[in-house]
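Okay, structure first, notes after.
Residue numbers (our numbering), protein chains in the order written: chain A, 4 to 249; chain B, -9 to 480.
In structure tokens form, the structure reads like this:
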């Protein structure tokens, strides 16, 4: 579904992302973990053609994203609050996204009714504009909107941060369901290792812009990741780099 | 403790995004400030002699007579413009400062604001003139101190009244009625208030009264603030009650309707856009300067077209100029959603066209100045719709100023609006129609001038598709730069 080739992004002399080759098959729930500045959001921004790659390209379902806009109809995302229109009510926002994706009000309402428990009665019919909702509720609305219009690729940046426990659990079900039953490719980034191991079939660890681990999730994955991030297990490449410079 | 506060203040001033404007803008602001200082000062010096020349009476007494209105206007102006000192308090709340200190500092900040200092530019020279002209020094000092105290009373009164429309609006109505009844000679409140201001001079120790009032108001403001310094009380932001609106009547326009709906909501629900539309309404009155002959240099025939363009194009210039910046806070969404540039631009274009049509209809009272005047508006409107509508959309691609919809800051003038490309684009917007009209007017006759400009506008419509393709290209080319620029909200 998504193919990345020789992708780099540089700001000046600083390389913030360098992915030689990454293939994400259709229907996979894909997790991206890494510390701050590892390049997670940069990768997602490149996927959405919000920034330009320095070299290489990403192909999303046979569409090269920095060349054509044909990926837009089947791709949806929630990266941050710049994906929300603050002066709309949540309903209006959902309908707006729906209309852009060829869904009428009834379609959107039908979808929303599936997610009542996700909203916890705090989003719909609140007589509030999105800008006046709390951060967590804004996030719920944004994530919800990314499910509208039967997308084939859903990209969520840090979806679990700021969510309450009930919604976190529900979101995990939704993501698993999307990938397993509906064949949707879901890309999720997270700082929270537990969430991401619970929900993703495959986990890629980014460190300083490079892929240092690519794991098919199993019972041991969480241990492995914890070991890596606690610094006890230093990635081989980095170690040799450092010793060379010493 | 004060040192910390001053340090914070210093940094917040010099590190503010708006401070890093370009040089031209800074010089411009400097001149504006200087202009007001000069105006106030020369009024202070000149008022005495003007009143004497006109033989209205003793200048001090005359000033005292109208002092009550001066104070009232000052209060109203402060209420409308002066900002409350509560910003930036939040991060201080949980730090080891005493609440009293934070409040004192915040209130103290308002004391040195421009709203208070501006009056000094009038009253200091005026008092000096009084002394020079041989008024009793003790009396003048008493009067001066008393009046100054009253302006500071206004300062704290405004803080106490803030956001209490229920108090201020009746007060404003009372003063409006008083003003009108004075004008028509029904009732003259100044007969009752002037003696008080006179007394400040005649019996200088009376100045103690406004000072006592000032101390009382300060104490009241202090207590009020201290009591309300909680996140859910005085520091809470006001939320308006939202109503979901459908605008189903716009559905018939298909894709266009989706965006038009959004744009209407954008204009209705945000402070900044409302101010913009209000400014556009003021443009309607701009023509009065031309058609009444109020400004001599506007009497040349060519200027009629200039007026016509401005009258019908208020919205075009104030709103259109900032497309796509209106959507800056969610531009990444627009860029990754299933949106074609063509649809997006089209809806903005229609919005501008509709607004221009409305302005043209609203401008029909210009018929009072004769057909010729309204014809200029109609022709201006055609040119606006046919040519200028494209030019503002095109120019907007280069502006790249993120707009904070919820605040009115920077609503008037912005650094990045002053860039070379947008400057160059104003030539075809404003000057070209004048030249076209001039050609017709001077070579053939005035009617030919109108026809020429109108035809240019109509020709613009014919080229819409071609022009839109070009504008689309510019938007696509500028996409990444625009996204980056919008990220850097101040």
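All residues carry an ideal CB built from backbone N, CA and C; glycine is no exception.
Under a 10 Å Cβ-count criterion, residue 109/A is classified as exposed, with fewer than 16 other Cβ atoms of the shown protein chains found around its own Cβ. The contact set of residue 97/A on chain B, defined by CB atoms closer than 8 Å, is empty, because the minimum CB distance reaches about 10 Å. Taking CB atoms only, residue 232/B has a neighbour in chain A less than 8 Å away. Between residue 93/B and residue 215/B, the beta carbon gap of about 5 Å places them in contact (Cβ cut-off 8 Å). For residue 81/A, the pairing in a beta bridge is given by DSSP as 159/A. By DSSP's assignment, residue 209/A forms a beta bridge with 214/A.
Residue 322/B and residue 53/A have their C-alpha atoms spaced approximately 7 Å apart. No Cβ of chain B is located within less than 8 Å of the beta carbon of residue 231/A. For residue 473/B, at least one C-beta of chain A is nearer than 8 Å to its own C-beta. DSSP, read as helix, strand or coil, puts residue 349/B in helix. Listed in chain order, the non-local C-beta contacts of residue 152/A below 6 Å within the same chain comprise 104 and 106, local neighbours out to five positions each way being set aside.
The distance from the Cβ of residue 209/A to that of residue 37/A is about 4 Å, consistent with a contact at the 8 Å cut-off. Residue pairing by DSSP places residue 192/A opposite 35/A and 160/A in a beta bridge.
With the criterion set as a beta carbon lying under 7 Å from some beta carbon of chain A, the members of the segment 244 to 274 of chain B are 248, 252, 255, 256, 259 and 260, in sequence order.
Under DSSP, residue 60/A forms a beta bridge with 8/A.
Ranked by how close their Cα comes to the Cα of residue 160/A, the residues 142/A, 74/A and 61/A have 142/A in first place. Secondary structure note for residue 27/A: its beta strand (DSSP E) is the uninterrupted segment 17 to 27. Taken atom to atom, the span from the alpha-carbon of residue 264/B to that of residue 315/B is near 15 Å.
Under the Cβ distance rule, residue 55/A counts among the residues neighbouring chain B, one pair being separated by less than 8 Å.
C-alpha of residue 379/B to C-alpha of residue 368/B: approximately 15 Å in a straight line. Put simply, the CB of residue 76/A is near chain B, with a gap under 8 Å to one of its CB atoms. For residue 14/A, the nearest beta carbon of chain B is not closer than 8 Å to its own beta carbon. Between the segment 124 to 139 of chain A and the segment 43 to 50 of chain A there are fewer than three inter-stretch CB-CB distances shorter than 8 Å, so the stretches are not counted as touching. Residue range 127 to 151 is occupied by the alpha helix (DSSP H) that includes residue 132/B. Annotated three-state conformation of residue 388/B is helix, per DSSP. Taking a Cβ-Cβ cut-off of 9 Å, residue 205/A has no neighbours in chain B, whose nearest Cβ is about 23 Å from it. Just so you know, the alpha carbons of residue 148/B and residue 68/B end up roughly 7 Å apart.
Apart from sequence neighbours up to five positions away, the residues of its chain that approach residue 100/A with a beta-carbon distance below 6 Å are 148 and 151, ordered along the chain. Among the residues of the segment 324 to 337 of chain B, those with a Cβ less than 7 Å away from any Cβ of chain A are 325, 326, 327, 328 and 329, in the order of the chain. Contact between the segment 165 to 179 of chain B and the segment 228 to 247 of chain B is absent: fewer than 3 CB-CB pairs across the two stretches fall below 8 Å. Residue pairing by DSSP places residue 219/A opposite 205/A in a beta bridge. Assignment of residue 464/B by DSSP, reduced to helix, strand and coil, places it in the helix class. Residue 345/B and residue 453/B have their C-alpha atoms some 21 Å from each other. Taking CB atoms only, residue 179/A has no neighbour in chain B less than 8 Å away. In this structure residue 43/B is exposed. Its beta-carbon is surrounded by fewer than 16 other beta-carbon atoms within 10 angstroms.
Taking a Cβ-Cβ cut-off of 7 Å, the neighbours of residue 80/A in chain B comprise 326, given in sequence order.
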